[in-house]
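This report refers to the structure that appears directly beneath it.
Number of protein chains: 2
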Amino acid sequence: MDALLTDVEQWGRFELVQIAPEQNNAFGDGVWSATFQNESEFIDVKGFYDGDGTYRLRFMPNRTGEWFYVTHSNVKQLDGITGSFTCVEPSQENHGYVQVKDAGHFCYADGNAYHPFGTTCYAWIHQPEEVRQRTIESLRQAPFNKIRMTVFPKNYSFNATNPVEFPFEGSQEDGFDLTRFNPNFFQRLEGHIDELLSMGIEADLILFHPYDEGRWGFDRMSSEADHNYLRYLIARLSSFRNVWWALANEYDFMNEKKVEDWDALFQTVLTEDPYGHLRSIHNGTKMYEPDSVVLYNHGHDWITHCSIQHWDVTLVREWQKTYGKPIVIDECLYEGNVPFRWGNITAEEMTHRFWEAAVRGGYAGHGETYLHPEGEIWWAKGGKLYGESPERISFLRQIIEQLPEASKPLFTLRQMETIGVEDEIYLGYFGVHRPSYFEAQFNETYSYKVEIIDTWNMSIHPVEGVLRGKSTIQLPAKPGMALRIQKVD
Amino acid sequence: MDALLTDVEQWGRFELVQIAPEQNNAFGDGVWSATFQNESEFIDVKGFYDGDGTYRLRFMPNRTGEWFYVTHSNVKQLDGITGSFTCVEPSQENHGYVQVKDAGHFCYADGNAYHPFGTTCYAWIHQPEEVRQRTIESLRQAPFNKIRMTVFPKNYSFNATNPVEFPFEGSQEDGFDLTRFNPNFFQRLEGHIDELLSMGIEADLILFHPYDEGRWGFDRMSSEADHNYLRYLIARLSSFRNVWWALANEYDFMNEKKVEDWDALFQTVLTEDPYGHLRSIHNGTKMYEPDSVVLYNHGHDWITHCSIQHWDVTLVREWQKTYGKPIVIDECLYEGNVPFRWGNITAEEMTHRFWEAAVRGGYAGHGETYLHPEGEIWWAKGGKLYGESPERISFLRQIIEQLPEASKPLFTLRQMETIGVEDEIYLGYFGVHRPSYFEAQFNETYSYKVEIIDTWNMSIHPVEGVLRGKSTIQLPAKPGMALRIQKVD
Chain A
1 MDALLTDVEQ WGRFELVQIA PEQNNAFGDG VWSATFQNES EFIDVKGFYD GDGTYRLRFM
61 PNRTGEWFYV THSNVKQLDG ITGSFTCVEP SQENHGYVQV KDAGHFCYAD GNAYHPFGTT
121 CYAWIHQPEE VRQRTIESLR QAPFNKIRMT VFPKNYSFNA TNPVEFPFEG SQEDGFDLTR
181 FNPNFFQRLE GHIDELLSMG IEADLILFHP YDEGRWGFDR MSSEADHNYL RYLIARLSSF
241 RNVWWALANE YDFMNEKKVE DWDALFQTVL TEDPYGHLRS IHNGTKMYEP DSVVLYNHGH
301 DWITHCSIQH WDVTLVREWQ KTYGKPIVID ECLYEGNVPF RWGNITAEEM THRFWEAAVR
361 GGYAGHGETY LHPEGEIWWA KGGKLYGESP ERISFLRQII EQLPEASKPL FTLRQMETIG
421 VEDEIYLGYF GVHRPSYFEA QFNETYSYKV EIIDTWNMSI HPVEGVLRGK STIQLPAKPG
481 MALRIQKVD
Chain B
1 MDALLTDVEQ WGRFELVQIA PEQNNAFGDG VWSATFQNES EFIDVKGFYD GDGTYRLRFM
61 PNRTGEWFYV THSNVKQLDG ITGSFTCVEP SQENHGYVQV KDAGHFCYAD GNAYHPFGTT
121 CYAWIHQPEE VRQRTIESLR QAPFNKIRMT VFPKNYSFNA TNPVEFPFEG SQEDGFDLTR
181 FNPNFFQRLE GHIDELLSMG IEADLILFHP YDEGRWGFDR MSSEADHNYL RYLIARLSSF
241 RNVWWALANE YDFMNEKKVE DWDALFQTVL TEDPYGHLRS IHNGTKMYEP DSVVLYNHGH
301 DWITHCSIQH WDVTLVREWQ KTYGKPIVID ECLYEGNVPF RWGNITAEEM THRFWEAAVR
361 GGYAGHGETY LHPEGEIWWA KGGKLYGESP ERISFLRQII EQLPEASKPL FTLRQMETIG
421 VEDEIYLGYF GVHRPSYFEA QFNETYSYKV EIIDTWNMSI HPVEGVLRGK STIQLPAKPG
481 MALRIQKVD
């Protein structure tokens, strides 16, 4: 059977579907693959078994034009299928997958800047339909363009319910057959990732995590099962342009795995993903220290960006210097009021951390942990957002996205942390500092207009007139203020 | 001439005064000294020239009983004077000098605990009389039991006026004779140190500092002049029990001095001070890093405690571990509204930093930098206090002083930083965290009473009843709350 002869957008998804008898080890590796070719470019991709005698093979074309393919398999019905499709210009909302730019930032494949403003709903896909609908509705209103979410279900405080279904055949009671996946689970996951894509949200997919503690055992599978799961997942998902590979969350809390295990798992991701989606690993309590044999080094070549847990987002530039990679502090504590330290800061503090990270060229991450009568807490289950920080994060996101792409941390204006383009534009944040006035020596050649930004009240107050050379700007002497200073001539 | 035959308190001051012709190099070293003896203890101390043909020699007896002395000099009138005095029990307010206790804390010589709650008025002694009077009045009302103050005048932002007098003969216009001290200056300094003593305030005396920049040149004297100044100062002041030697403030901003120079100056302090007053050195921007050749190591034997400048007081335990010494964060930014980062945090933030340091077993320091129409800013000149943190620091000081002396950081109660005595008493601070409730597992053997402390509103709310074993305490879910949990049976 051939693919439907529809055009595919650049960075869209081409899918071949073939019916064939279920093979022995159909869910295993190497049953079906194909080579795609456009001019001098050849890309090999793997297919996967989707249950019920259905085999699928997906491909994300990275350039426009005519793509030809030929399939390979030991199974007669899957072998030697050839065809072609036309890859056309992407639609307006399609900017391609996200990649690293200039060692410290991100951009889409089409070159447009991407600034992650992420949130965390670890186990949202594992909740009942109605909760998932609420999550989707919330995300539609929210400022987030990235979400951290787990493939495996979660067993943790405020999150002890069973998931709606499992990635493997079997059950908690009877055990799971780790060689046989549950296609329904993955189809639903894919649907959710496409829903996220339609909202412009990157799926920062957490491949392993410790919040199982042996209840289902997905945190302590054999190495063979781990790698098999990764291969299957990647075969299904790598053609989704909004997927990021978060190898693990709080990997250092997973006592069953060692540094060498993570190395090997990263190697499998590298081998299996033909597109080079973003790859990282998220720490628990500890940052990597040189010579540590238990902590994982974000400096490895195969890690594209740092996914960090740390309460002190002012360390962004230090990490940037150490790793030369984009710095995403995916967890810098969550807005909420639960009894745990990681989940009870105020909206003011969350907003503050986003700004502190942003003006240093880094990216803080959001999460929300307000007690809820039904235990429906955003950070774990999704549902509704109750906090006051998302609105402020939206305000910040607009301001950051208005900056020129060449913006980077600047050090010419003292007394505040500043990002921008020298002599052109400065966005500075005072944080806990609340000066009565700000003095600066601007380039004498130009005039500048100044706006005072109240990061909490989300207001922008233009300062009357223009400034030139040595200037003084009166300020309201309260915390959480920012300045935007732009050249006007 | 003999000393007056009055009794001297333990840790009080005995002074010999002798009239003799001014010698060539009378202000220099080794003109007059004496040996004091009580039973098997012999202590050598140096005298000094106080101008107008007057020589003085001071001694602080460290134990009660009969002390005998004999003087030594090449000057006939100063040599071979003998005498004795009786050292009696100290009066109620006299606890002796402060020393290090248990590697992480301080106590007075009589064993009573001393918890530094310090402030900074760098150049207060250099201001006109009326300003100094205001400073004294403010200190009388304030909660501070330590003050950082410079010997040399200060030339800095908001502090450009000339001092009322100089430590050396001469003037800015005609130059200073660094071999000849100005006794009036030192007599006045001594008067101020005694005024501080009468208020129970330790004088953390800054011996060198960079806020001169060559205006008067005291930041760039010859090594000979530096050491001569130190010897003279110590001969005059070491018998003042409330003196601490702060070798320098922001030493790393003094480009004229190198690590070896500080080593040598510390050596002089060690040699000249017979009593071993507390010794430290205060950093500017940078903390010591191993192998640095420009940064000074608080780990040296001759440094008794760490006098730190750092905005992050939560590093207390890390420094404690590194240095095994008491941690005083003398500068963690100041309450105020000046345009400089170091001087424009809120009273809330200042209060917060004091608590964060305290529950980790460290000590934050206060300073105040509110703009003032006459430029009379507390941190530099003294005068009046306008801020809202001193009242809160007073509240904290009372709570800390009520803790048992054996208190130390504890790690059994999670979710807050805690100091206390295991199973007896816990003082915990939540800081930016604002849980709705607190769960803990107390020792099942005992009952505990709990108080919720609002660190900003300075209120203490007892929780009804007593707790035993696994307990839940409802909290107001706002930042800046603390808990005091005490065993009741």
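Each protein sequence line maps, in turn, to chains A and B. The UniProt record's numbering puts the first residue of the first sequence at 1, with every later residue one more than the last. The UniProt record's numbering puts the first residue of the second sequence at 1, with every later residue one more than the last. Even for Gly, the Cβ is constructed at its ideal location relative to N, Cα and C.
query, result
"Whole-angstrom C-beta distance between Asn-155(B) and Glu-250(B), which should lie under 8 Å", "Not really, about 14 Å apart at Cβ, beyond 8 Å."
"Residue 490(B): contacting residues in chain A (beta-carbon distance under 9 Å)", "The structure shown has nothing for residue 490(B), since chain B only spans 1 to 489."
"Given Gln-18(B) as reference, the closest of Ser-73(B), Ile-43(B) and Glu-39(B) once Cα atoms are compared", "Ser-73(B)"
"Runs of beta strand (DSSP E) lying entirely within the segment 103-147 of chain A, each at least 3 residues, in chain order", "105-108 and 118-120"
"Candidates Cys-87(B), Pro-183(B), Tyr-114(B) and Thr-71(B), of which the one nearest Gln-99(B) by Cα", "Tyr-114(B)"
"Cβ-Cβ separation, Glu-165(B) to Phe-185(B) (assumed contact under 8 Å), whole Å", "5 Å"
"Sequence-distant residues of the same chain with beta carbon closer than 6 Å to Thr-314(B), five excluded per side", "Glu-356"
"Alpha-carbon spacing of Asp-79(B) relative to Ala-123(B), whole angstroms", "38 Å"
"Cβ-based neighbour list, Ala-3(A), same chain, cut-off 8 Å, excluding 5 preceding and 5 following", "Residue confidence for Ala-3(A) is low, a pLDDT of 47 falling below 50, so the modelled location carries little weight; the figure read from the coordinates is stated next. If we look at Ala-3(A) and ignore the five residues flanking it on each side, its Cβ neighbours are Phe-14, Glu-15, Leu-16, Val-17, Gly-83 and Phe-85."
"Span of the alpha helix (DSSP H), counted from its first residue to its last, around Lys-381(B)", "378-381"
"From Lys-101(B), Met-254(B), Thr-271(B) and Glu-272(B), residue whose alpha carbon lies closest to that of Ile-281(B)", "Met-254(B)"
"Beta-carbon neighbours of Gln-415(B), restricted to chain A and to distances below 8 Å", "Pro-339, Phe-340 and Arg-341"
"Span separating the alpha-carbon of Phe-106(B) from that of His-277(B)", "12 Å"
"C-beta neighbour in chain B for Tyr-55(A), strict 7 Å", "no"
"Minimum Cβ-Cβ distance from Leu-371(B) to chain A less than 7 Å", "yes"
"Three or more C-beta pairs below 8 Å linking the segment 426-442 of chain B and the segment 337-346 of chain A", "yes"
"CB contact below 7 Å: Ala-3(B) versus chain A", "A caution first: Ala-3(B) carries a pLDDT of 47, below 50, which makes its placement in the model unreliable, though a value can still be read off. Chain A, which has no Cβ nearer than 7 Å to the Cβ of Ala-3(B), makes this no."
"is_contact[Phe-158(A), chain B] using C-beta, thresh 7 Å", "no"
"Every unbroken beta strand (DSSP E) inside the segment 371-439 of chain A [3 residues or more]", "408-410, 417-421 and 425-429"
"Residues of the UniProt domain \"DUF5605\" (417-486) of chain B with Cβ closer than 7 Å to any Cβ of chain A, in chain order", "Val-432, His-433, Arg-434, Pro-435, Ser-436, Tyr-437, Phe-438, Glu-439, Ala-477 and Pro-479"
"Pairwise C-alpha distance: Val-8(B) and Ser-471(B)", "55 Å"
"Cβ neighbour criterion (16 or more within 10 Å) applied to Phe-42(A)", "exposed"
"Chain B residues whose Cβ lies nearer than 8 Å to that of Glu-349(A)", "Val-432 and Pro-479"
"DSSP beta-bridge partners of Gly-469(B)", "None; Gly-469(B) has no bridge partner."
"7 Å Cβ cutoff met for Lys-146(A) and Asp-204(A)", "yes"
"CB contact below 7 Å: Phe-85(B) versus chain D", "Protein chains in the displayed structure are A and B, and chain D is not among them."
"Range covered by the alpha helix (DSSP H) that runs through Ser-157(B)", "Neither: Ser-157(B) is in no alpha helix (DSSP H) and is coded neither H nor E."
"Own chain partners of Glu-190(A) with C-beta closer than 8 Å, once the 5 adjacent residues on each side are dropped", "Arg-236, Leu-237 and Phe-240"
"Endpoints, alpha helix (DSSP H) assigned at Ser-184(A)", "The question names Ser, yet the displayed sequence has Asn at residue 184(A). 183-198 is the span of the alpha helix (DSSP H), which, as asked, contains Asn-184(A)."
"DSSP state of Lys-257(A) mapped onto helix, strand, coil", "coil"
"Run of the alpha helix (DSSP H) containing Lys-321(B), from where it starts to where it stops", "316-323"
"Residues bridged to Asp-44(B) (per DSSP)", "Thr-35(B)"
"Beta-ladder partner(s) of His-277(A), from DSSP", "None; His-277(A) has no bridge partner."
"Other residues of its chain near Met-1(B): CB distance less than 6 Å, five sequence neighbours each side excluded", "Low local confidence applies: a pLDDT of 43 at Met-1(B) is under 50, so the model's placement there is unreliable, with the coordinate-based value given in what follows. So the list reads Gln-18, once near-sequence residues are dropped."
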